[in-house]
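Engineer: With the first letter of the sequence shown counted as 1, position 31 gets the number 31 in UniProt numbering; the numbers rise by one all the way through. We put the CB at the ideal spot given by N, CA and C, even for glycine.
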Amino acid sequence: MTTTLSDATVLIVDDEQSLADLYAYWVDEFAEARTAYDGTEALEKLDETIDVMLLDRRMPGLSGDEVVEEVEKRGFDVRIVMVTAVDPGFDIVDMGIDDYLIKPVDQPELVETVERMVVRSTYDDQLQEKFRLVEKKVTLESAKTPHELEESEEYADLIRRLDAIERDLDSAVEEFDDSDFAVAFRELPNGGSVDSTEGD
Numbered sequence: 001m002t003t004t005l006s007d008a009t010v011l012i013v014d015d016e017q018s019l020a021d022l023y024a025y026w027v028d029e030f031a032e033a034r035t036a037y038d039g040t041e042a043l044e045k046l047d048e049t050i051d052v053m054l055l056d057r058r059m060p061g062l063s064g065d066e067v068v069e070e071v072e073k074r075g076f077d078v079r080i081v082m083v084t085a086v087d088p089g090f091d092i093v094d095m096g097i098d099d100y101l102i103k104p105v106d107q108p109e110l111v112e113t114v115e116r117m118v119v120r121s122t123y124d125d126q127l128q129e130k131f132r133l134v135e136k137k138v139t140l141e142s143a144k145t146p147h148e149l150e151e152s153e154e155y156a157d158l159i160r161r162l163d164a165i166e167r168d169l170d171s172a173v174e175e176f177d178d179s180d181f182a183v184a185f186r187e188l189p190n191g192g193s194v195d196s197t198e199g200d
């Protein structure tokens, strides 16, 4: 499990080669970048060394959605960020992705997103799932009208799942004593400091 950005490996998948190469150029300034120019090549290059995947959604051959499904089947522990011009639909609620960025994406946004994904990879499964749901909630609330959200069963399910996880996490915190907190924070990356963006 990679705990520092400089040790991270990022796989960038986009059928627009110039764009994939640009993202790789940005990422190479702080982490190792690898590129794949379609879904099939992405799956060929995917292995246990990949920490983060930046994935286009609409590609010829295997789509981004199909790549996500295959990654889940293979059981790889990788944070997946959709980077796409496709507006998000309610189907993202059940997709195995950690974030959803709408093109065009600039360098600061891309770098900050990768940084968050690397930090998040150190969290336990339940906390990772909470952040996945939060990201999807924010994405949908930015893309959909209040009426569309109100009418969506997928969105309602997302809220129910998020509430359930938060109740579980609150219960776990209540059971912590001072020594538990000391151990938990000592084991966080960077000596206990957490990226402030995760709390925003």
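1. Less than 8 angstroms separating the beta-carbons of L54 and G64?
2. Buried or exposed: which applies to R167, given that a residue is buried once 16 or more other Cβ atoms fall within 10 Å of its Cβ?
3. For Y100, name the three-state secondary structure that DSSP assigns.
4. Could you tell me how far apart the beta carbons of V10 and A31 are, in whole angstroms, since I believe they sit closer than 8 angstroms?
5. If you count every other CB in all the chains shown that lies within 10 Å of the CB of S142, and 16 or more means buried, which is it?
6. By DSSP, does L62 sit in helix, in strand, or in coil?
7. Mind checking T4: buried by the 16 CB within 10 Å criterion, or exposed?
8. I'd like to check one pair, V83 with V105: are the Cβ atoms closer than 8 angstroms?
Structural biologist: The answer reads as follows:
1. The residue given as residue 54 occupies position 54 in the sequence shown. The residue given as residue 64 occupies position 64 in the sequence shown. No, the Cβ-Cβ distance between L54 and G64 is not below 8 angstroms.
2. The residue labelled residue 167 in the question sits at position 167 within the sequence shown. When all chains shown are included, R167 counts as exposed.
3. Position 100 of the sequence shown, counted from the start, is the residue given in the question as residue 100. In the structure shown, Y100 sits in a strand (DSSP, three-state: E or B).
4. If you number the sequence shown from 1, residue 10 lands on position 10. If you number the sequence shown from 1, residue 31 lands on position 31. At roughly 5 angstroms, the Cβ-Cβ gap stays under 8 angstroms, so V10 and A31 are in contact.
5. Taking the first residue of the sequence shown as position 1, residue 142 is located at position 142. Burial call: exposed.
6. Reading the sequence shown from its first residue, position 62 is the one you call residue 62. The answer is coil: DSSP assigns L62 none of H, G, I, E or B.
7. Counting from 1 along the sequence shown, the entry for residue 4 is found at position 4. Per the 10 Å Cβ criterion, exposed.
8. Position 105 of the sequence shown, counted from the first residue, corresponds to residue 105. Position 83 of the sequence shown, counted from the first residue, corresponds to residue 83. Yes; because the gap between Cβ atoms is below 8 angstroms, this pair is in contact.
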